[in-house]
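Presented below is the structure to which this report refers.
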Amino acid sequence: MRRLFPLAGPVPEQPAAREPSAGAAPGPTASVRPAGPVTAPEAADASAADRQWSLTEIADGYAYPPLEQGQFWLRGNMVASLDGAAHHDGRSQPLSCAADMRIFGVLRALADVVVVGAQTVRQEGYGGARPREAFAQRRAAAGQAPAAAIAVVTSGLDLDFDSPLFTSPAAPTLLVTGAGAPPHRLAAARGAGAEVVLAGEGAAVEVDRVPALLAARGLRRQLTEGGPALLGQFAAADVLDELCLTVAPRLVAGGAPRIAHGPDLALPSDFVLDSLLEEAGFLFTRYRRVRQSP
Numbered sequence: 001m002r003r004l005f006p007l008a009g010p011v012p013e014q015p016a017a018r019e020p021s022a023g024a025a026p027g028p029t030a031s032v033r034p035a036g037p038v039t040a041p042e043a044a045d046a047s048a049a050d051r052q053w054s055l056t057e058i059a060d061g062y063a064y065p066p067l068e069q070g071q072f073w074l075r076g077n078m079v080a081s082l083d084g085a086a087h088h089d090g091r092s093q094p095l096s097c098a099a100d101m102r103i104f105g106v107l108r109a110l111a112d113v114v115v116v117g118a119q120t121v122r123q124e125g126y127g128g129a130r131p132r133e134a135f136a137q138r139r140a141a142a143g144q145a146p147a148a149a150i151a152v153v154t155s156g157l158d159l160d161f162d163s164p165l166f167t168s169p170a171a172p173t174l175l176v177t178g179a180g181a182p183p184h185r186l187a188a189a190r191g192a193g194a195e196v197v198l199a200g201e202g203a204a205v206e207v208d209r210v211p212a213l214l215a216a217r218g219l220r221r222q223l224t225e226g227g228p229a230l231l232g233q234f235a236a237a238d239v240l241d242e243l244c245l246t247v248a249p250r251l252v253a254g255g256a257p258r259i260a261h262g263p264d265l266a267l268p269s270d271f272v273l274d275s276l277l278e279e280a281g282f283l284f285t286r287y288r289r290v291r292q293s294p
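The sequence shown begins at 1 in full-length UniProt numbering and counts up by one.
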C-alpha cells in the first residue's frame, strides 16, 4: 500500500464535529491543494513507498476528529467497481481485496457504532463486531467499549432474531425503527435482547435523527456501511460527514445500484479529498464533507 495524497506535510486540519442540537454545524470551506506529481522526489516520504502498512499506521491515518462533549461524526465506508456498481450479485465482497478488508476492519475498530440497513444485514449475513486485541489499548484509552455496537436501521424489523447478530453479539445490537413498527416484531426484538431506538412517530425511520439519537447513547464515532439505500438517505438528510470509498479495478456491468441510491439531491453535496491510498490497483479514498461557513 502506498499513499498518493497527501504526499508530504501535515495531515489536513480536521474540521469541528457536529453537535446534535445544532444539526450539521458549518466547517471550513475547501481550498485547492495540489497533490503534485506522485514521483516528485521532494514529495516522497515513507508513506509513499509501496509496502504493507501496520494496523497502527492505518488507524492513525483514519482517526476520527477530536470530539467535544455532545459532538458526533458520521463516516461512510463503501466499495464500488470502475463502472460505479456497489456490489456484484447482491454482495460487496466480490469487489473487495485483502487491503480493503484491512481498512474495513480498522474502521470498525475505531468506531463506537456501525450503522447498517436491514437489507444489507440480510444480504451480507451480518454478525456482531468482535473485540480485537490489536486495538484494545487504543479503545480503552478513548473510553470506548471493547467492540463497536451494531445499529440496524429498519422499519419493518424483518430480521432473523436467531442469527449471531442477536444471539452472540459483543455488545447488544440496536434496532433503529419508527414508533409505528409492527408491535409483534418490536416484542420479538426486545425478547431477543436488542435495544430498540425509536426514530420517528410513524412506521418509517426518520434517518436525519439517527446520528443524534445514537450520540445521545454515547455512540458518537459513527460508521455506516450502507447499503446504498441507507447511504442515499443519509446523503439526502445531509448528515454524512465523511466518505471512505474503495474503487475496485473491476467492471461488473449489470443493474447494480451506485453506492448511494435514492431520489436526486436538490443540490450536489461537496466533499474534499483528505487522503488517497493505493494497493494492487485498488484506490482507497477518504473524502470529507464541505460545509459552508455562515
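For glycine and all other residues, C-beta sits at the position ideal for the given N, C-alpha and C. The model shown is predicted, which means the values in this text are computed figures rather than measured ones.
Alpha carbon to alpha carbon, how far is residue i from residue j?
i    : j    : result
L165 : G180 : 23 Å
P65  : Q222 : 12 Å
A35  : G143 : The predicted model places A35 with a pLDDT of 40, which falls under 50 and marks its position as unreliable; any figure quoted below should be read in that light. Roughly 36 Å between the two C-alpha positions.
R138 : L4   : 27 Å
F234 : Q52  : 33 Å
A266 : D238 : 11 Å
L174 : G125 : 16 Å
A204 : S155 : 5 Å
R289 : D50  : 28 Å
A187 : F161 : 11 Å
Y62  : L243 : 11 Å
P249 : S168 : 36 Å
V106 : I58  : 7 Å
A215 : G70  : 7 Å
Using DSSP with H/G/I as helix, E/B as strand and the rest coil, what is residue i?
i    : result
G105 : helix
Q119 : helix
R289 : strand
G143 : coil
A235 : helix
R2   : strand
V207 : helix
E195 : strand
L110 : helix
L283 : strand
Q69  : coil
A170 : coil
F135 : helix
D160 : coil
D50  : coil
L213 : helix
A99  : helix
For the beta strand (DSSP E) containing residue i, list its first residue and its last residue.
i    : result
D60  : Segment 55-61 is the alpha helix (DSSP H) holding D60; no beta strand (DSSP E) there.
T177 : 174-177
G200 : That residue, G200, is in no beta strand (DSSP E); it is neither H nor E in DSSP.
A189 : That residue, A189, is in no beta strand (DSSP E); its alpha helix (DSSP H) goes 183-191.
V247 : 242-247
R91  : Element bounds for R91: n/a, residue is neither H nor E.
G127 : Here G127 belongs to no beta strand (DSSP E), and DSSP marks it neither H nor E.
A151 : 149-153
G76  : 73-80
L223 : 221-224
Tell me, to the nearest whole angstrom, how far the beta carbon of residue i is from that of residue j; I am working on the premise that it is less than 8 Å.
i    : j    : result
V251 : L82  : According to the sequence as given, residue 251 is Leu; it is not Val. About 5 Å separates the two Cβ atoms, so the contact holds.
L55  : A134 : 5 Å
L277 : R2   : 7 Å
Q119 : G202 : Not a contact, Cβ separation roughly 20 Å.
L231 : G76  : 6 Å
Y287 : L245 : 7 Å
V176 : V121 : Going by Cβ atoms, the distance from V176 to V121 rounds to 12 Å, so no, they are not a contact pair.
A171 : A147 : 6 Å
Output the boundary residues of the alpha helix (DSSP H) element that contains residue i.
i    : result
F166 : 164-167
G262 : Looking at the DSSP string, G262 is not in any alpha helix (DSSP H), and its letter there is neither H nor E.
L273 : That residue, L273, is in no alpha helix (DSSP H); its beta strand (DSSP E) goes 271-279.
For the region 278-293 against the region 107-126, do three or more pairs of beta-carbon atoms, one drawn from each stretch, fall closer than 8 Å, so that the two count as touching? Under the Cβ criterion (8 Å, minimum of three pairs), the region 278-293 does not count as touching the region 107-126.
I want to know whether the region 243-261 touches the region 76-95 - three or more CB-CB distances under 8 Å. At 8 Å Cβ cutoff, the stretches touch.
Does the region 146-161 come close enough to the region 195-208 that 3 or more CB-CB pairs lie under 8 Å? The region 195-208 makes contact with the region 146-161; the number of CB pairs closer than 8 Å reaches 3 or more.
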